[in-house]
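One structure is given below, encoded as structure tokens.
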Amino acid sequence: MAIDTPLKTAGAPSGGGRVPASSAAPRPPRHRRIGRLWVKIVVALLLAIEIYPLIWMFLTSLKSNNDYLNHSTWSLPTHWEWSNYGEAWTTGNIGLYIQNSLLAVLPALALILLLGTAAGFALQIMVWKGRSLTLLIFLAGMMVPSQMILLPLFTVYFQAGLSGTLWPLILTYTGTGLPLTVFMMATYYKTVPRELFEAATIDGASILRAFWTISVPMVRNAILTVGLVQFFFIWNDLLIALTFTNNQDLRTIQVGLLNFTGDFGATQYGPLFAAICINVFGTLVIYLFLNQKVMKGLTSGAVKG
Amino acid sequence: MHRVLGDRKAVLILLGPALLVYSLIMLVPMVWSLGYSFTKGNTIQGFTGNGLGNFHRLFTDPAVREALWFTAKYAVVVTLGQVVAGYLLALLYVFFLKKASALVRTLVFFPVVLPTVAVGLLFQKFFQVAPQTGPVNSLLNAVGIGSIDWFGSAGHAFWVLIIMDIWRSMGFYAVLLFAGLVDIPEEVLESARLDGASGLRLVRHIVLPMSFPVLLSSLIFSINGTLKAFDSIVALTNGGPGNATTPLTLYMFQTSFTYGDYGYGSTIALLLTVVCLLVTLVVFRVSRRDLTKG
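The listed protein sequences correspond, in order, to chains A and B. Quick note on numbering: the first sequence equals residues 1 to 305 in our numbering. Quick note on numbering: the second sequence equals residues 306 to 599 in our numbering.
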């Protein structure tokens with residue numbers, strides 16, 4: 001009973017409602033209208049389940065501690081405490097954590113895209129012996145869990161004196177991001193005809209030049225898509241960040257958020273929720289503008305992986 | 306013919322850096338980690354040889370057995386949940402919402418891009434019983450059921466994890482499977498309908514077999530991800546209560562960094578890798594047999 005209840009809240013609206021609806025659909029109009037109503041209810045419940053937690057989180061981020069602890073969880077904030085955001089940003093160090101995340105993610109992302117696009121070109125457009133084997137070697141990297149590389153990397157970074165910097169994150173993200181990027185870029189290059197580069201090089205351009213001036217603009221869209229996919233993977237990563245940021249000042253947003261409660265002494269719920277919101281709404285903004293690309297990119301990464 | 310495209314120097318310049326970084330960050334550490342499994346100690350204190358000691362410990366350690374069991378249970382339930390929920394959603398999109406599904410698809414997909422840590426903390430508060438009665442318990446109270454301490458018992462914590470992961474990712478599998486369903490030619494569906502197939506029978510005999518390939522790749526992708534799940538579990542339960550929700554990934558992390566035993570940690574990482582490879586291999590083989598059958 002106790003176990004059944006949460007399952008129902010999460011799964012049943014989609015499961016329970018659809019079965020009668022699906023058998024009703026191809027029948028005559030009178031039944032169809034009933035079917036339509038079912039569909040509407042199912043969709044409304046579905047959206048409520050997906051969206052309400054986020055709305056609840058946002059409203060809670062504007063409550064004072066007293067408001068949070070002593071009023072119903074459904075209530076609106078009695079007073080809208082926008083200062084929670086300022087507090088999360090400064091006292092909660094979210095500003096610093098976001099800065100760290102950006103400093104680790106952006107260089108890694110640039111490296112991944114540059115190296116990955118070049119490698120994809122070399123593996124798909126160029127013709128040489130052993131290229132399918134090389135692609136397979138890259139593929140193998142997608143299967144192996146990160147746990148398998150953490151400990152040796154930790155040793156190397158420690159002995160190289162990189163432990164107090166963000167370099168371990170940049171390097172590890174670049175290495176772990178490459179397999180999927182190389183694979184996706186090689187796939188995208190399949191749509192570019194080889195003859196194009198042969199023609200260009202006959203005109204005197206070197207193949208390296210042709211790669212940069214002809215092929216890169218042609219796969220511009222693909223680079224943006226892969227970049228988005230990798231951005232979300234790296235930005236949301238916890239395992240690697242947790243392993244290599246032993247210094248409190250180096251924490252990324254995810255590690256910082258995980259340890260957020262500790263920094264205030266007593267738990268401040270408003271700022272905690274504000275910190276979660278800041279983290280969430282960053283991705284929301286990107287998603288708002290680029291959702292079709294994000295959806296396409298993430299799912300195509302899955303089919304190929 | 307491919308003289309310019311076979312330029313070895315150009316290949317080296319284009320591929321070299323990526324291959325070098327990949328080798329140094331992934332391939333070399335993999336082999337190195339394998340070597341660690343035969344040692345004891347850590348980076349700070351140094352390593353000493355331990356022969357097959359770690360492997361002996363691996364096979365007798367009850368915590369490994371529990372973590373392995375939890376990993377398997379979690380992977381199977383979440384994978385089935387994700388793919389089934391995603392498939393039902395995809396059917397909804399294709400057969401009921403049709404052209405109007407774009408907005409719903411986009412909205413339901415959104416939690417996929419949310420940081421796992423944020424989602425974990427959100428669900429922790431959403432299901433909490435104290436200091437504030439969270440929405441889920443408030444809802445239970447409203448229909449006359451007492452609050453449940455979701456994170457106090459292994460069974461409850463497990464189900465919150467499952468619910469969270471399905472909530473987070475069903476939109477992803479819905480879009481993935483949607484792409485497969487849209488590819489089914491309209492004529493095939495139409496002729497099946499003319500033959501009297503409708504509703505569930507249409508789904509079972511026409512739609513399901515025709516979307517089998519994309520269903521399979523969803524399954525493989527999902528099981529690969531759930532076997533490696535770490536972030537969501539750390540953020541929601543951190544393996545608790547006790548170590549009731551500790552998968553291999555987390556047990557490896559704790560062994561290495563909380564207890565400073567890199568040797569044994571590497572051995573657990575190796576076990577995890579072997580499990581991932583074996584499962585992928587088995588899914589591939591089973592699916593190929595099924596494909597030839599029918």
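Glycine included, each C-beta is placed from N, C-alpha and C at the ideal position.
Any C-beta of chain B under 8 Å from that of residue i
| i | result |
| --- | --- |
| leucine 298 (chain A) | yes |
| glycine 175 (chain A) | yes |
| glutamine 124 (chain A) | no |
| asparagine 291 (chain A) | yes |
| phenylalanine 121 (chain A) | yes |
| serine 72 (chain A) | yes |
| phenylalanine 302 (chain A) | Before going on, a small fix: residue 302 (chain A) reads as alanine here, not phenylalanine. Taking Cβ atoms only, chain B reaches closer than 8 Å to alanine 302 (chain A), which makes this a yes. |
| phenylalanine 154 (chain A) | yes |
| phenylalanine 244 (chain A) | no |
| valine 144 (chain A) | yes |
| glutamine 268 (chain A) | no |
| methionine 184 (chain A) | no |
Beta-carbon spacing of residue i, residue j below 8 Å
| i | j | result |
| --- | --- | --- |
| threonine 531 (chain B) | alanine 380 (chain B) | yes |
| proline 145 (chain A) | cysteine 581 (chain B) | yes |
| leucine 444 (chain B) | serine 452 (chain B) | no |
| tyrosine 97 (chain A) | isoleucine 253 (chain A) | yes |
| glycine 116 (chain A) | alanine 323 (chain B) | yes |
| isoleucine 125 (chain A) | valine 192 (chain A) | yes |
| tyrosine 52 (chain A) | glycine 270 (chain A) | no |
| threonine 299 (chain A) | valine 480 (chain B) | yes |
| valine 417 (chain B) | phenylalanine 477 (chain B) | yes |
| alanine 104 (chain A) | leucine 180 (chain A) | no |
| phenylalanine 307 (chain A) | leucine 317 (chain B) | Residue coverage of chain A in this structure runs from 1 to 305, which leaves residue 307 (chain A) outside it and unanswerable. |
| lysine 293 (chain A) | leucine 238 (chain A) | no |
| threonine 384 (chain B) | leucine 577 (chain B) | no |
| glycine 141 (chain A) | methionine 557 (chain B) | no |
| threonine 554 (chain B) | glutamine 147 (chain A) | yes |
| valine 389 (chain B) | glutamate 198 (chain A) | no |
Proximal chain B residues relative to residue i, where beta-carbon distance stays under 8 Å
| i | result |
| --- | --- |
| glutamate 50 (chain A) | Leu412, Val413, Phe415, Pro416, Trp472 and Gly476 |
| leucine 69 (chain A) | Pro436 and Gln437 |
| isoleucine 207 (chain A) | Val309, Leu310, Asp312 and Ala315 |
| leucine 115 (chain A) | Pro322, Ala323 and Val326 |
| arginine 220 (chain A) | Within chain B, no residue comes near arginine 220 (chain A); the closest Cβ sits about 18 Å away, beyond 8 Å. |
Range of the contiguous beta strand (DSSP E) that encloses residue i
| i | result |
| --- | --- |
| asparagine 347 (chain B) | 344 to 347 |
Partners in chain B for residue i, counting only beta-carbon separations shorter than 7 Å
| i | result |
| --- | --- |
| valine 285 (chain A) | The premise fails here: valine 285 (chain A) is roughly 11 Å from chain B at the closest Cβ pair, so nothing lies under 7 Å. |
| glutamine 333 (chain A) | A query on residue 333 (chain A) cannot be resolved here, the shown segment of chain A reaching from 1 to 305 and no further. |
Contact set between residue i and chain A, taken where Cβ atoms lie within less than 8 Å
| i | result |
| --- | --- |
| proline 420 (chain B) | Trp235, Asn236, Ile253, Gln254, Leu257, Asn279, Val280 and Thr283 |
| serine 561 (chain B) | Leu150 and Leu151 |
| valine 409 (chain B) | Val43, Leu46 and Leu47 |
| serine 452 (chain B) | By Cβ distance, chain A contributes nothing, its closest Cβ being about 11 Å from serine 452 (chain B), past 8 Å. |
Terminal residues of the alpha helix (DSSP H) in which residue i lies
| i | result |
| --- | --- |
| threonine 411 (chain B) | 406 to 414 |
| glycine 354 (chain B) | Run containing glycine 354 (chain B): none in the alpha helix (DSSP H); it sits in the beta strand (DSSP E), 351 to 354. |
| tryptophan 74 (chain A) | Tryptophan 74 (chain A) -> no alpha helix (DSSP H), and no H or E assigned at all. |
| tyrosine 379 (chain B) | 367 to 396 |
| glutamine 254 (chain A) | 253 to 258 |
| lysine 533 (chain B) | Lysine 533 (chain B) -> no alpha helix (DSSP H), and no H or E assigned at all. |
| asparagine 446 (chain B) | 440 to 447 |
| phenylalanine 558 (chain B) | 553 to 558 |
| tyrosine 327 (chain B) | 313 to 327 |
| serine 458 (chain B) | From DSSP, serine 458 (chain B) is part of no alpha helix (DSSP H); its letter is neither H nor E. |
| phenylalanine 211 (chain A) | No alpha helix (DSSP H) contains phenylalanine 211 (chain A), which DSSP labels as neither H nor E. |
| tyrosine 341 (chain B) | 333 to 341 |
| asparagine 221 (chain A) | 220 to 235 |
| threonine 165 (chain A) | Neither: threonine 165 (chain A) is in no alpha helix (DSSP H) and is coded neither H nor E. |
| alanine 423 (chain B) | 421 to 431 |
Closer than 7 Å at the beta carbon, the chain A residues around residue i
| i | result |
| --- | --- |
| threonine 344 (chain B) | Near threonine 344 (chain B) there are no residues of chain A at all, since even the closest Cβ is about 10 Å away, more than 7 Å. |
| methionine 557 (chain B) | Gln147 |
Heavy atom of the ligand MN within 7 Å of residue i beta-carbon
| i | result |
| --- | --- |
| threonine 174 (chain A) | This structure lacks the ligand MN; in fact it carries no ligand of any kind. |
Cβ of residue i within 8 Å of any chain A Cβ
| i | result |
| --- | --- |
| leucine 426 (chain B) | yes |
| alanine 315 (chain B) | yes |
| lysine 533 (chain B) | yes |
| valine 335 (chain B) | Sequence check: residue 335 (chain B) is methionine here, not valine. Judged by the 8 Å Cβ criterion, methionine 335 (chain B) is in contact with chain A. |
| aspartate 536 (chain B) | yes |
| alanine 625 (chain B) | Lying before the first or after the last residue shown, residue 625 (chain B) is absent from chain B, which here runs from 306 to 599. |
| proline 367 (chain B) | no |
| valine 579 (chain B) | no |
| isoleucine 600 (chain B) | Nothing about residue 600 (chain B) can be reported from this structure: the residues present for chain B run from 306 to 599 only. |
| threonine 597 (chain B) | In this prediction, threonine 597 (chain B) scores a pLDDT of 47, lower than 50, which makes its location untrustworthy; the coordinate-derived value is nonetheless stated afterwards. Chain A contact via Cβ: absent. |
Chain A residues whose Cβ lies nearer than 9 Å to that of residue i
| i | result |
| --- | --- |
| proline 440 (chain B) | Tyr52, Pro53, Trp56, Thr73 and Trp74 |
| alanine 540 (chain B) | Leu238, Gln254, Leu257 and Leu258 |
Proximal chain B residues relative to residue i, where beta-carbon distance stays under 9 Å
| i | result |
| --- | --- |
| leucine 171 (chain A) | Val326, Leu329 and Ile330 |
Contained alpha helix (DSSP H) runs [length at least 4] in the segment 94 to 148 of chain A, N- to C-terminal order | 94 to 124 and 131 to 143
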